[in-house]
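In full-length UniProt numbering, the protein residues as written are 1 to 88.
Ideal placement from N, C-alpha and C gives every residue a C-beta, glycine not left out.
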Amino acid sequence: MAGGWSRDGAEQEQIESTVEDALQRVRSQLPTGESLRHCEECGDEIPQARREAIKGVRLCIACQSERDKQQTAYSGYNRRGSKDSQLR
């Protein structure tokens with residue numbers, strides 16, 4: 001149900017674009033390669049179970065949790081289709 005200046009299906013396209021952007025961001029942050037035995041931030045040993053569960057893991061649980069908290073500031077709002085971005 002498009003209205004105003006938007007065409008039919010524009011809302012769904014914006015939703016799909018937002019989801020695709022989020023997936024690309026998450027996929028780009030997935031670890032690759034061989035898992036480290038020690039955390040690259042604090043130096044603590046990374047448990048074997050974690051290294052096997054997450055291929056290419058580079059951080060211990062505590063450091064990864066802290067990094068995840070810092071990344072929650074990402075808005076997740078697709079500015080490409082917003083009226084605000086068109087008005088600027």
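For E45, does the three-state DSSP call read helix, strand or coil?
-> strand
Excluding five sequence neighbours on each side, which residues of the same chain lie with their C-beta closer than 6 Å to the C-beta of L32?
-> In the sequence under discussion, the amino acid at residue 32 is Thr, which differs from the Leu named in the question. Excluding sequence neighbours, T32 sits near G56.
Return the chain-ordered list of same chain residues with a C-beta closer than 7 Å to the C-beta of E40, the five sequence neighbours on each side being excluded.
-> R58, L59
Kindly provide the ranges of any alpha helix (DSSP H) runs that are 4 or more residues long and lie completely inside the segment 13 to 71, ordered along the chain.
-> 48 to 53, 61 to 70
Distance between beta carbons of R50 and I61, contact taken as under 8 Å | 7 Å
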